[in-house]
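Which chain is which? The protein sequence lines are A and B, in order.
In terms of full-length UniProt numbering, the first sequence opens at residue 1 and continues consecutively.
In terms of full-length UniProt numbering, the second sequence opens at residue 1 and continues consecutively.
What follows is a short report on a single structure.
Protein chains: 2
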Amino acid sequence: MTESRTDRDPESVSRFVEHFAAQLVEAGMARMPSRVFAALLASDTGTLTSAELGEQLRISPAAVSGAVRYLAQVHMVSREREPGSRRERYRVHSDQWYEALTNREAIIKRWEEALREGVAGLGADTPAGRRLAETLDFFEFIEKDVAEMMERWRTYREQKYQRP
Amino acid sequence: MTESRTDRDPESVSRFVEHFAAQLVEAGMARMPSRVFAALLASDTGTLTSAELGEQLRISPAAVSGAVRYLAQVHMVSREREPGSRRERYRVHSDQWYEALTNREAIIKRWEEALREGVAGLGADTPAGRRLAETLDFFEFIEKDVAEMMERWRTYREQKYQRP
DNA sequence: CCTTAACTTCACAAATTTCTGAAAGAAGCG
DNA sequence: CGCTTCTTTCAGAAATTTGTGAAGTTAAGG
């Protein structure tokens, strides 16, 4: 007998969720957001309600709330309201995943700003100032290049998955 | 009167160090490694001894040791022994900076592995399995592209700074 | 309107991380 | 070889972070 979509092996799901979340944690993301994101990735529809997340991950509504607030802020998850209900659903779009990566831009921008101030403060003609300037140069270079890379990915993806 | 290289305005140095370190912390790096790295970036020669770091940042030798152990592990700093001394010097090469970024490869590799297992466990023909597969596809794509990007940077840099 | 389901916020307890001082461990130099 | 200087390790105190229960807020549905 073939399994319906709703009773997929919870064991397999949980194994993936915890394993993938562990990798995200190792990369610096907090635990609850990592677990919630992984659970959404592994869901059938790409959406889960707050209650489903709490039950599946064995965490309190408060923990779900905190995790989702963070994920929404960095654009890895979006929130939807089911019409005619007070349930909220959280959704992962497969393409938000890399938009989130692009959002590293904001971080890099601040690094660049700090470096610029450093060059000014220490003097562009000092050894340290030159080092900072070259570092800044590197960030400016990759920033531009990353944008182009994302463009290439979009092209590749549209062509491969026939879905703009 | 013009300042010698050794008595640059400590105020400016400190301002840059703490400001830049704060940005690194925000990006997920621990505080001491962030401060130590920033101090090295802002040093004249790109090298500092353990004692100099401790004094400048007002931290214990133990803290320096821990921070440097981490930085060396992720290849953001290398250790050198001054010949004929038991002093150790820590150095930041301007090009280790981006080699460290490349080291993100290791992290991405583990993500890919976890995703592959997920696809296998959930079934490549399920909605969730397809979502994971596309995410995996994305990582494989950018992994290749990042390598090429670093190559372009090296070329650009050599040409601009006349220093292979 | 009032009730009730659902999410959020808040204060706190628990767990974890961070940094230090003290002691132990290398390595130059006489 | 032993003294001295520098670095590392380790146990623990202090600070921070994390997750919870409980109270508070919002909005659907009668």
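We treat Cβ as the ideally placed atom computed from N, Cα and C, and that holds for glycine.
Note to self: Determine, for D125/B, whether the minimum Cβ-Cβ distance to residues of chain A falls below 7 Å.
What the structure shows: no
Next item on the list: Using a cut-off of 7 Å between C-beta atoms, extract the partners of F37/B located in chain A.
Entry: Correct list: empty, because the minimum Cβ distance to chain A is about 11 Å.
Next item on the list: Answer yes if the stretch 141 to 150 of chain B comes into contact with the stretch 14 to 32 of chain A, meaning at least three C-beta pairs across the two stretches below 8 Å, and no otherwise.
Entry: Counting C-beta pairs closer than 8 Å gives fewer than three between the stretch 14 to 32 of chain A and the stretch 141 to 150 of chain B, which falls short of the contact rule.
Next item on the list: Classify S60/A as buried or exposed, calling it buried when 16 or more other Cβ atoms lie within 10 Å of its own Cβ.
Entry: exposed
Notebook entry, point to check: In this structure, what does DSSP give as the bridge partners for Y90/A?
Noted result: L48/A, R79/A
Checklist line | Straight-line gap, R130/A to Q73/B (C-alpha atoms, nearest Å) | finding: 26 Å
Checklist line | Among T155/A, V92/A, E151/A, nearest to E45/A - alpha-carbon criterion | finding: In the sequence as displayed, the identity of residue 45/A is Thr instead of Glu. Ranking the options by Cα distance to T45/A, first place goes to V92/A.
Check: Would you say the stretch 51 to 70 of chain A touches the stretch 96 to 103 of chain A, given that touching needs at least three Cβ pairs under 8 Å?
Finding: no
Notebook entry, point to check: Using a Cβ-Cβ cut-off of 6 Å (strictly less than) and excluding sequence neighbours within five positions of A21/B, which residues of its own chain qualify?
Noted result: S34, R35, A38
Notebook entry, point to check: Do L115/A and T135/A have their C-beta atoms closer together than 7 Å?
Noted result: yes
Item checked: Residues of the stretch 125 to 154 of chain B whose Cβ lies closer than 8 Å to any Cβ of chain A, in chain order -> T126, P127, A128, R131, L132, E134, T135, D137, F138, F141, I142, D145, V146, M149, R152, W153
Notebook entry, point to check: With contact counted as at least three CB pairs below 8 Å, one residue from each stretch, are the stretch 101 to 114 of chain B and the stretch 77 to 86 of chain B in contact?
Noted result: The stretch 101 to 114 of chain B, when compared against the stretch 77 to 86 of chain B, does not touch it at the 8 Å Cβ threshold.
Item checked: DSSP state of A27/B mapped onto helix, strand, coil -> coil
Next item on the list: Could you check if Y161/B is buried or exposed, using at least 16 other CB atoms within 10 Å of its CB as the buried criterion?
Entry: exposed
Check: For W153/B, which residues of its own chain have a beta-carbon under 8 Å away from its beta-carbon, when the five flanking residues on both sides are left out?
Finding: Y98
Checklist line | For I108/B, the first and last residue of its enclosing alpha helix (DSSP H) | finding: 104 to 122
Notebook entry, point to check: Which stretch, first to last residue, makes up the alpha helix (DSSP H) that contains R154/B?
Noted result: 127 to 161
Check: Is A128/B near A42/A, with beta carbons less than 7 Å apart?
Finding: yes
Margin query: Rounded to the nearest angstrom, what separates F16/A and L40/A at their Cα positions?
Written below: 11 Å
Check: Ends of the alpha helix (DSSP H) at S43/B?
Finding: No alpha helix (DSSP H) contains S43/B, which DSSP labels as neither H nor E.
Notebook entry, point to check: Under a Cβ-count criterion, where at least 16 other Cβ atoms within 10 Å of its own Cβ denotes burial, should A87/B be classed as buried or exposed?
Noted result: Here residue 87/B turns out to be Arg, not Ala, going by the sequence shown. Counting Cβ neighbours within 10 Å, R87/B comes out exposed, since fewer than 16 surround it.
Next item on the list: Examine chain A for any beta-carbon lying closer than 7 Å to the beta-carbon of Q23/B, and answer yes or no.
Entry: yes
Check: Which whole-angstrom value is the C-beta distance of A124/A and A133/A, which I expect to be below 8 Å?
Finding: 6 Å
Margin query: In this structure, how does DSSP classify G84/B when only helix, strand and coil are distinguished?
Written below: coil
Notebook entry, point to check: Helix, strand or coil for R8/B per DSSP?
Noted result: coil
Checklist line | Cα-Cα separation, L101/A to E105/B | finding: 15 Å
Item checked: Below-7 Å beta-carbon distance, R69/B vs any chain A residue -> So, not an interface residue.
Next item on the list: Assign R89/B to buried or exposed, taking buried as 16 or more other Cβ atoms, counted over all protein chains shown, within 10 Å of its Cβ.
Entry: buried
Checklist line | Length of the line joining the Cα atoms of L48/B and K109/A | finding: Rounded to the nearest whole angstrom, the C-alpha separation of L48/B and K109/A is 28 Å.
Note to self: Which of the three DSSP states is assigned to S60/A in this structure?
What the structure shows: coil
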